[in-house]
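Colleague: Residue numbers (our numbering), protein chains in the order written: chain C, 171 to 551; chain H, 171 to 551.
Positions of the beta carbon are idealized from the N, C-alpha and C atoms, including for glycine.
Here's a structure for you.
2 protein chains.
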Amino acid sequence: MIYLDNAATTPHKPECVIAAVTAALSSMGNASRGAHEGSLAASRVVFEAREKVARLLGCGRADHVVFTCNATEALNIAIAGTVNAGDHVITTDLEHNSVLRPLYRLEAERGVSLGFVRADECGRPVYDDFERLLRPNTRTVVCTHASNVTGDVVDLRRVSAFAHEHGLLLIVDASQSVGCVPLDMTALGIDVLCFTGHKGLYGPQGTGGICVREGVDVRPWKVGGTGVSSFSHEQPTAYPTRLEAGTLNGHGIAGLSAALDFVAETGIETIAAHEAALASRFVEQVAAVDGVTVYGDALVPDHGCRTATVSINVRDYDSSAVSDALSQTYDIATRPGAHCAPRMHESMGTTDRGTVRFSFGWFNTAGDADEAAVAVREIAS
Amino acid sequence: MIYLDNAATTPHKPECVIAAVTAALSSMGNASRGAHEGSLAASRVVFEAREKVARLLGCGRADHVVFTCNATEALNIAIAGTVNAGDHVITTDLEHNSVLRPLYRLEAERGVSLGFVRADECGRPVYDDFERLLRPNTRTVVCTHASNVTGDVVDLRRVSAFAHEHGLLLIVDASQSVGCVPLDMTALGIDVLCFTGHKGLYGPQGTGGICVREGVDVRPWKVGGTGVSSFSHEQPTAYPTRLEAGTLNGHGIAGLSAALDFVAETGIETIAAHEAALASRFVEQVAAVDGVTVYGDALVPDHGCRTATVSINVRDYDSSAVSDALSQTYDIATRPGAHCAPRMHESMGTTDRGTVRFSFGWFNTAGDADEAAVAVREIAS
């Protein structure tokens, strides 16, 4: 199989990740539960992973790196834990349902109002909308770093400048960019950064987290046992325990820690350059094919930073039909449909048929991109 | 190390679990995301795991088995998703903070009132309290299946009869019993069963779940992408998607699935008998030691079903001092302190020093129990 669905998950984890998880499954205790060597060793693994995440993403404090089971949980915590009843929140049409549904819920249940920065017909954000949407009760901006549909990277410097000019909290969804695009939350002025472990970081599923800038209060989400302050009725207030209840995914975090080493040693710039070259190689070939539409800024000259995700359509075919043909005839794995980003399809006019998404990863080759392009050409003819 | 902290986590996973996780880390796609073989294979792994959980725990429908990252998340979902503002809830002094803190939060924020079935000075539930606590607005009983402090198993048949006589919803925390004690939620009339994967089931950390009886509505907890119904503002209403948002811990669930095979093939009765024999062997030896207090019903003749968890204290020593001595002098891993079950210690008069908990697992031997007993005797003298 030629696997081009790395934006959903990266299926081949590096050997060091498998080795770390295997070792953990053979010996790991429960982190922060007790003081015997099994528990202490687990605690060290978890804390080292926090330090590596903090280093990779520019989080000022390792103890403000909180682990969650996925980016969706991270975004639920970040949004429900900072937005208050009556607030106005600015977000964008590029967002995934992991941002939209927590916001829609606050809109329905807590009197929160929402403003959406539009995406244009190619799925690119209309940046002037940020100022246009501002209201006296605007408190928060929630914004993706990169579209999971088009691979377009949002200019976070611009979004951050807007947020800070108006004293707004900036929450960023880095699910699609972490490990794929250099990202420093302190340099970019991000207050809360949500990430996943199993995509661009090449870690296990069941990992992800939140990096919180020092001084930002995120209310507890799930509450329960923490191994400390057992007699208090409330969750402890200090990070990371504040946002972590119950046994952590120690085995997954051990793998994530090894994956962070893999990414750091390989170098994000190296990974990004490899993936970008594959995506460009694919785009150049399919853009020349009659009947193929490419979305986003991939065809814009000097488009700057992008992830290696490319959405296309072929003639007026349903994206599922194209993706099925790619899978069944060519053994090429892509993803059709809406990609859980409904507003993007409303902007791009693809609500009825979605798009076919090709997303490249570190383990793909130029040959994979070429074979995919040949397959698209054959389907289009 | 002699590891006697299996109630916190079982550190040695069976070979089949390691093999399953390793295989998943080498090839697994994202379950329920797309229709290529990588995703479909992941979906099959996840669904088979649901079927195995349903079979093991007597859940009527495999699609009503919901996966969570731990039992704490499961309990947060079960409690926040069923209890309504103004309800009265009956629970017990045996509960872990994963039950207590979600309930205390509802008490503080939603006008929910709580009644606690007392534990006696040995930590055993005072069953008559259930009737005594009943009020017109009582709607729910939340009850552990087994104390994580004493290993006492609650008579769920009695609790269930009470709940059903009064039309109350019964939520059970099976964190300490699943895999260790036979448990059939349908036969016992349990409405919502919360479990963990990394203790008695010998699966990976980062796994756990909720089994919901058909017809019981649990409101969504985290919301977000599900791979289906992308254009709806709300989480889909059908189980299991209703309670699962974002990428599942597919790697962990693959391991849990193998672990469920291990438990089924070994036989819960066989596991329970082995563990009970070790716990009894240990209790018999330490109970005879001058200055040792054993909590719970371990010394009660014909005590019936118990988990292999034993809490003791030695003279007036702090439990941490004893546990540290066991770790440092004897290389025996136990857990001291409150075990996140504060009300138990208030009942047992051990608030100031906690208890030393010894919890045996399938991979322990009679020699482990004997060495632990010798160490306790030496510390006591």
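Could you have a look at Val-269 of chain H and say whether DSSP puts it in helix, strand or coil?
Modeller: Residue state, collapsed to three classes: helix.
Colleague: For Asp-175 of chain C, go through chain H and note every residue whose CB falls closer than 9 Å to its CB, in chain order.
Modeller: Within 9 Å Cβ-Cβ: Gly-199, Asn-200, Arg-203, Gly-204, His-206, Gly-208 and Ser-209.
Colleague: Do Val-362 of chain C and Ile-341 of chain C have their beta-carbon atoms positioned less than 8 Å apart in this structure?
Modeller: Against a cut-off of 8 Å, the Cβ pair of Val-362 of chain C and Ile-341 of chain C comes out as a contact.
Colleague: Find the residues of chain H that neighbour Arg-505 of chain C, judging by a C-beta separation of less than 7 Å, and give them in chain order.
Modeller: Here the neighbours are Arg-203 and Gly-204.
Colleague: Skipping 5 residues on each side, what residues in its chain have a beta carbon closer than 7 Å to that of Asn-307 of chain C?
Modeller: Closer than 7 Å at the Cβ level, and outside the excluded window around Asn-307 of chain C, lie Gly-256, Asp-257 and His-258.
Colleague: Note down, in chain order, each residue of its chain lying with its Cβ closer than 8 Å to the Cβ of Pro-352 of chain C, except the 5 sequence neighbours on either side.
Modeller: Result list for Pro-352 of chain C: Ile-438, Glu-439 and Ala-442, in chain order.
Colleague: Is the CB of Asn-483 of chain C under 8 Å away from at least one CB in chain H?
Modeller: Not closer than 8 Å to any Cβ of chain H, the Cβ of Asn-483 of chain C fails to qualify, so no.
Colleague: Quick one: residues in its chain with C-beta nearer than 6 Å to the C-beta of His-266 of chain H, no 5 flanking neighbours on either side, listed in chain order?
Modeller: Around His-266 of chain H: Asn-318, Cys-510 and Ala-511.
Colleague: Give me, in chain order, the residues of the same chain whose beta-carbon lies closer than 8 Å to that of Val-269 of chain C; leave out the 5 immediate sequence neighbours on both sides.
Modeller: Leu-245, Ile-249, Thr-261, Val-312, Thr-314 and Asp-343, listed in sequence order.
Colleague: Find out if the Cβ-Cβ distance for the pair Arg-203 of chain C, Gly-397 of chain C is shorter than 8 Å.
Modeller: Going by C-beta atoms, Arg-203 of chain C is nearer than 8 Å to Gly-397 of chain C.
Colleague: Looking at chain C, which residues of the stretch 420-451 of chain H have a Cβ within less than 7 Å of any of its Cβ atoms?
Modeller: Cβ contacts with chain C: Gly-420, His-421 and Gly-422.
Colleague: Given this structure, state the Cα-to-Cα distance separating Ala-232 of chain H from Pro-374 of chain H, to the nearest angstrom.
Modeller: Spanning the two alpha carbons is a distance of roughly 20 Å.
Colleague: With a cut-off of 8 Å, do at least 3 Cβ pairs link the stretch 174-191 of chain H to the stretch 403-416 of chain H?
Modeller: The stretch 174-191 of chain H is not in contact with the stretch 403-416 of chain H.
Colleague: Could you check what DSSP says for Val-235 of chain C in three-state terms: helix, strand or coil?
Modeller: Reduced to three states, the DSSP call for Val-235 of chain C is strand.
Colleague: Is the shortest distance between the beta-carbon of Asp-467 of chain H and the beta-carbons of chain C less than 8 Å?
Modeller: For Asp-467 of chain H, the answer is no, since every Cβ of chain C falls outside 8 Å of its Cβ.
Colleague: Any C-beta of chain C sitting closer than 8 Å to the C-beta of Met-518 of chain H?
Modeller: Output row for Met-518 of chain H: interface = no.
Colleague: Identify every run of the alpha helix (DSSP H) within the stretch 490-531 of chain C, keeping only runs that are complete inside it and at least 4 residues long; order them along the chain.
Modeller: DSSP runs (the alpha helix (DSSP H)) wholly in the stretch 490-531 of chain C: 512-518.
Colleague: Where in the stretch 281-354 of chain H do unbroken runs of the beta strand (DSSP E), each at least 3 residues long, occur, reported from the N-terminal end onward?
Modeller: Entirely contained in the stretch 281-354 of chain H, the beta strand (DSSP E) runs reaching 3 residues are, in chain order, 283-287, 308-314 and 339-343.
Colleague: May I have the straight-line CA-CA distance separating Leu-326 of chain H from Ala-333 of chain H, to the nearest angstrom?
Modeller: Each residue's alpha carbon lies about 10 Å from the other.
Colleague: At a CB-CB cut-off below 9 Å, which residues of chain H make contact with Phe-401 of chain C?
Modeller: Those within 9 Å of Phe-401 of chain C in chain H are Ala-508, Pro-512, His-515, Glu-516 and Thr-521.
Colleague: Is it true that the CB of Ala-449 of chain C sits closer than 8 Å to the CB of Gly-531 of chain C?
Modeller: No, the pair does not count as a contact, with Cβ atoms beyond the cut-off.
Colleague: Can you confirm whether Ala-219 of chain C, when its beta carbon is compared against all beta carbons of chain H, has any partner nearer than 8 Å?
Modeller: Judged by the 8 Å Cβ criterion, Ala-219 of chain C is not in contact with chain H.
Colleague: Answer yes or no: does any C-beta atom of chain C fall closer than 8 Å to that of Gly-395 of chain H?
Modeller: Answer yes: the Cβ-Cβ gap between Gly-395 of chain H and chain C drops below 8 Å somewhere.
Colleague: With H, G and I counted as helix, E and B as strand and the rest as coil, what does DSSP make of Gly-422 of chain C?
Modeller: Three-state result, Gly-422 of chain C: helix.
Colleague: By the 9 Å beta-carbon criterion, what residues does the stretch 181-193 of chain H contribute toward chain C?
Modeller: Flagged, chain order: Pro-181, His-182, Lys-183, Val-187, Ile-188, Val-191 and Thr-192.
Colleague: Does the stretch 182-194 of chain H come within contact of the stretch 419-434 of chain H, defined as at least 3 CB pairs closer than 8 Å?
Modeller: The stretch 182-194 of chain H, when compared against the stretch 419-434 of chain H, does touch it at the 8 Å Cβ threshold.
Colleague: What is the residue span of the beta strand (DSSP E) that Thr-479 of chain C lies within?
Modeller: 479-484 is the extent of the beta strand (DSSP E) around Thr-479 of chain C.
Colleague: Using 8 Å for Cβ pairs, my map puts Phe-217 of chain C next to Ala-508 of chain H. What's the rounded Cβ distance?
Modeller: That belief does not hold up - the Cβ atoms of Phe-217 of chain C and Ala-508 of chain H are roughly 23 Å apart, past 8 Å.
Colleague: Using a Cβ cut-off of 7 Å, pull out every chain C residue sitting near His-368 of chain H, in sequence order please.
Modeller: Within chain C, the residues near His-368 of chain H are Thr-417.
Colleague: Per DSSP, what kind of secondary structure is Arg-476 of chain C in: helix, strand or coil?
Modeller: DSSP places Arg-476 of chain C in strand when its eight states are reduced to three.
Colleague: Hey, is Thr-314 of chain H's beta-carbon within less than 8 Å of any beta-carbon in chain C?
Modeller: Not closer than 8 Å to any Cβ of chain C, the Cβ of Thr-314 of chain H fails to qualify, so no.
Colleague: Ordered along the chain, which non-local residues of its own chain (more than five positions away) have a Cβ less than 8 Å from that of Leu-140 of chain C?
Modeller: No information on residue 140 of chain C is available, as it lies outside the stretch 171 to 551 that chain C covers here.
Colleague: So what's Gly-204 of chain C in DSSP terms, helix, strand or just coil?
Modeller: Three-state DSSP puts Gly-204 of chain C in coil, outside helix and strand.
Colleague: With 9 Å as the C-beta to C-beta threshold (strictly closer), list the residues of the stretch 359-390 of chain H near chain C in chain order.
Modeller: Residues Thr-366, His-368, Lys-369, Pro-374, Gln-375, Gly-376, Thr-377, Gly-378 and Pro-390.
Colleague: Using a Cβ-Cβ cutoff of less than 7 Å, which residues in the same chain neighbour Arg-558 of chain H once the five nearest sequence positions on both sides are dropped?
Modeller: An answer regarding residue 558 of chain H cannot be provided, because it is not within the stretch 171 to 551 covered by chain H.
Colleague: Measuring CB atoms only, is the stretch 414-421 of chain H touching the stretch 375-393 of chain H, in the sense that at least three cross pairs come out at less than 8 Å?
Modeller: With the cut-off at 8 Å, the stretch 414-421 of chain H and the stretch 375-393 of chain H touch.
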